[in-house]
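To keep things clear, I will list the structure first and then write my remarks on it.
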């Protein structure tokens, strides 16, 4: 696909083209917190969030509460996709990568596909935009990721002087860009895009320079059983905020209700940080303590998930868990402490 | 698109009391299905919720099955107290892999059960007595329960023990007057007192050529595993029914994992060698 130039003055046209097929959402800049907002009217101009928004795309794909079956009626035996078609414009690379993590579980499983996720996923149109800044809590670079998306989008925009360098990542994206009769991006614009990418990456390197670990997160967890480096867990209160705000967490529970004429089954978000999450009938609980549940979250994201799904971490470095933690636990600090403990253990040997 | 969360209708035709808190539910399915011993079903108490159970009846292509259930929580309380023959329940499944019967050629199969854990193992035994019988060398059944009154499927032991390749021993956790008096005498079955692990003392099997399959409370599985390892079993020879809390049954909700394994998809019968490095017994 070739890179084209989308001038600022054509942004309205771009929005309105997409809105012909989709309900429109965009990542808006705000003095306080960047948010994903719904655009009922096409704005004359729009200021995109320079960094990630407060919320991720999770709500667009996994509803807080989804009716998954009505029984014994036959109505829910088969699911006809009818999810509202939505477009989100201005998504950051981390949130685009988070969707891949869901896809592996709900969509690419050769045995069981989740029809509700599939319906929502196929109805979602995604326009990503390169980060033009970084938050103190951003750490995608520590995971080897970049502050922009390289795949997984329908269209990616890179802000440059006077507009955006745009590239399509799907046929649907290509159709929309083609319809706007845009000219090919000039070398100068592309250089500017590359400079911006390097500048933000350098800023991330600076922000996270004290959090670098010698071993990879996965290696640290492989050797973490019995490690005394889990000291950050002492500040955990088990509230589950980290899992609820996380763009890659997907745990849920099914629960049933008796209605007047039928029985209803819902799928609702759940959290591995809650004591009842794995507790069995009769009271046995394989993860009884807060510490075990704390470790479980790290193990799942950086050890178990990668083993099961092609070595990819179930974390994208967005840092939302750091901002939202009641105990002010910094995931980067947890790994730093594990790294230090591992080094001490080696030197003692 | 197929809805993986939709429960199919199953009519409850009969309920049989096994013990004071264990009942067997007989179900007539609305559509036939094929299951392997050890594969499990999600059984719905309509409007109350669903829970995973491994059928206790003979595996294969069936339009009826039995599920033997201990009364121990919200859903099982409801099933024990409220449902009656004629009621329509819900079923999803079968899920999971089932017992590794393909490994049993020429081997001794040591079947170790505790309490209601004999229910899933009964499906395994049916497979061993049926399609596997000519292929296996020997079937040794070790079963323990709290008291003589907690032994399930009591009227079947003598028939099992009569089979040429089968030997069976049972134990009850604590001495019991009725047991001492011989009120619970099973012909051909060796009987003793103690936790189920006592049945593994002086084990007379060719350990190298044996596979152990075990089902029971997790605390029992833990001590059975340690005992078997002490006896010289390799982790590869031990299969445990890790029947943890599950919700979706299809590897999505991420509740039942041990390390990278989903018990619902990869188990629930797990080879100990696979899970041993992932703290399989947690804080039990």
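Residue numbers (my numbering), protein chains in the order written: chain A, -18 to 330; chain B, 29 to 312.
All C-beta atoms in this analysis are idealised placements derived from N, C-alpha and C, irrespective of residue type, glycine included.
Bear in mind the structure is a predicted one, so any value in this text is a computation, not a measurement.
ask   = Taking 8 Å as the CB-CB limit, is residue 273 of chain A close to chain B?
value = Taking Cβ atoms only, chain B reaches closer than 8 Å to residue 273 of chain A, which makes this a yes.
ask   = For the alpha helix (DSSP H) that residue -2 of chain A lies in, which residues bound it at each end?
value = Element bounds for residue -2 of chain A: -8 to 0.
query = Bridge partners of residue 89 of chain B, per DSSP?
reply = Residue 89 of chain B is bridged to B/62.
request  = Please name the residues in the stretch 114 to 143 of chain B whose beta-carbon is closer than 7 Å to at least one beta-carbon of chain A, in chain order.
outcome  = For the stretch 114 to 143 of chain B, which is checked against every Cβ of chain A, the residues closer than 7 Å are 116 and 118.
ask   = Below 8 Å between beta carbons: does that hold for residue 45 of chain B and residue 51 of chain B?
value = Yes, the pair counts as a contact, with Cβ atoms nearer than the cut-off.
inquiry  = Short of 9 Å Cβ to Cβ, which residues in the stretch 73 to 95 of chain B face chain A?
reply    = Answer set for the stretch 73 to 95 of chain B: 73, 74, 75, 76, 77, 78 and 79.
message = Alpha carbons only, please: which of B/277, B/203, B/237 and B/298 is nearest the one belonging to residue 71 of chain B?
response = The shortest CA-to-CA distance from residue 71 of chain B to any of B/277, B/203, B/237 and B/298 is the one to B/277.
ask   = Which of the residues in the stretch 91 to 103 of chain A, read from start to end, lie with their CB under 8 Å from any CB of chain B?
value = Result list: 92, 93, 94, 95, 96, 99 and 100.
ask   = What do you reckon, are the CB atoms on residue 47 of chain A and residue 252 of chain A nearer than 8 Å?
value = Note that the C-beta distance between residue 47 of chain A and residue 252 of chain A is not below 8 Å.
query = The beta strand (DSSP E) spanning residue 200 of chain B covers which residue range?
reply = From DSSP, the beta strand (DSSP E) with residue 200 of chain B extends over 194 to 200.
request  = At 8 Å on the CB atoms, spell out the chain A contacts of residue 175 of chain B, in chain order.
outcome  = Close to residue 175 of chain B, with beta-carbon spacing below 8 Å, lies no residue of chain A; the smallest spacing is near 18 Å.
query = Counting only beta-carbon atoms, is residue 372 of chain A nearer than 8 Å to chain B?
reply = The displayed coordinates of chain A run from -18 to 330. Any statement about residue 372 of chain A would go beyond what the structure contains.
Where residue 237 of chain A falls: helix, strand or coil (DSSP) = Looking at residue 237 of chain A - three-state DSSP - the assignment turns out to be strand.
Cβ pair residue 200 of chain B, residue 180 of chain B closer than 8 Å = In this structure, residue 180 of chain B does not lie closer than 8 Å to residue 200 of chain B by Cβ.
request  = Would you check if the distance between the CB atom of residue -13 of chain A and the CB atom of residue -5 of chain A is smaller than 8 Å?
outcome  = In this structure, the beta-carbon distance from residue -13 of chain A to residue -5 of chain A falls below 8 Å.
query = Along chain B, in chain order, which residues have C-beta atoms closer than 9 Å to that of residue 153 of chain A?
reply = For a Cβ distance threshold of 9 Å, nothing in chain B lies close to residue 153 of chain A: the least Cβ distance comes to about 21 Å.
query = Do you know offhand how far residue 154 of chain B's Cα is from residue 184 of chain B's?
reply = The C-alpha of residue 184 of chain B is placed about 12 Å away from the C-alpha of residue 154 of chain B.
ask   = If the cut is a Cβ gap below 9 Å, which residues of chain A does residue 32 of chain B touch?
value = From the beta-carbon of residue 32 of chain B, the residues of chain A found nearer than 9 Å are 49, 93, 94, 95 and 96.
Residue burial classification, residue 78 of chain B (beta-carbon count within 10 angstroms, cutoff 16) = Result: buried.
message = Beta-carbon within less than 7 Å of residue 132 of chain B's beta-carbon, same chain only, minus the 5 sequence neighbours each way: which residues are those?
response = Hits under 7 Å: 160, 163, 164 and 239.
request  = For the stretch 208 to 218 of chain A and the stretch 288 to 298 of chain A, state whether three or more C-beta atom pairs, one from each stretch, are separated by less than 8 Å.
outcome  = They do not touch, by the three-pair rule.
inquiry  = Looking at the secondary structure, which residues open and close the beta strand (DSSP E) in which residue 51 of chain A lies?
reply    = From DSSP, the beta strand (DSSP E) with residue 51 of chain A extends over 46 to 52.
Minimum Cβ-Cβ distance from residue 104 of chain B to chain A less than 8 Å = Yes - at least one Cβ of chain A is within 8 Å of the one on residue 104 of chain B.
ask   = Going by alpha carbons, who is nearest to residue 263 of chain A out of B/102, B/141, B/59 and B/256?
value = Looking only at B/102, B/141, B/59 and B/256, the smallest Cα-Cα distance to residue 263 of chain A is reached by B/102.
query = Got a sec, what are the start and stop residues for the beta strand (DSSP E) residue 164 of chain A sits in?
reply = Residue 164 of chain A -> no beta strand (DSSP E), and no H or E assigned at all.
query = Where are the alpha helix (DSSP H) runs, 4 residues long or more, that stay fully inside the stretch 173 to 257 of chain B, in chain order?
reply = Along the stretch 173 to 257 of chain B, the alpha helix (DSSP H) occurs as fully enclosed runs of 4 or more residues at 185 to 190 and 205 to 209, listed in sequence order.
task = Kindly indicate the opening and closing residues of the alpha helix (DSSP H) around residue 105 of chain B.
result = Taken as a continuous stretch (DSSP letters only), the alpha helix (DSSP H) holding residue 105 of chain B covers 102 to 109.
task = Thinking residue 231 of chain A and residue 41 of chain A are a contact (beta carbons under 8 Å), I'd like their distance in whole angstroms, please.
result = Separation of the CB atoms of residue 231 of chain A and residue 41 of chain A is rounded to 13 Å, and the pair is thereby denied contact status at 8 Å.
request  = Below 8 Å CB to CB, which residues in the same chain sit around residue 110 of chain B once its five sequence neighbours on both sides are set aside?
outcome  = Excluding residues within five positions, the ones whose Cβ falls inside 8 Å are 73.
Residue 60 of chain A: CB within 7 Å of a non-hydrogen atom of the ligand HEM = Looking for the ligand HEM in the displayed structure turns up nothing, as the structure carries no ligands at all.
key: Partners in chain B for residue 58 of chain A, counting only beta-carbon separations shorter than 7 Å   = In chain order: 31 and 34.
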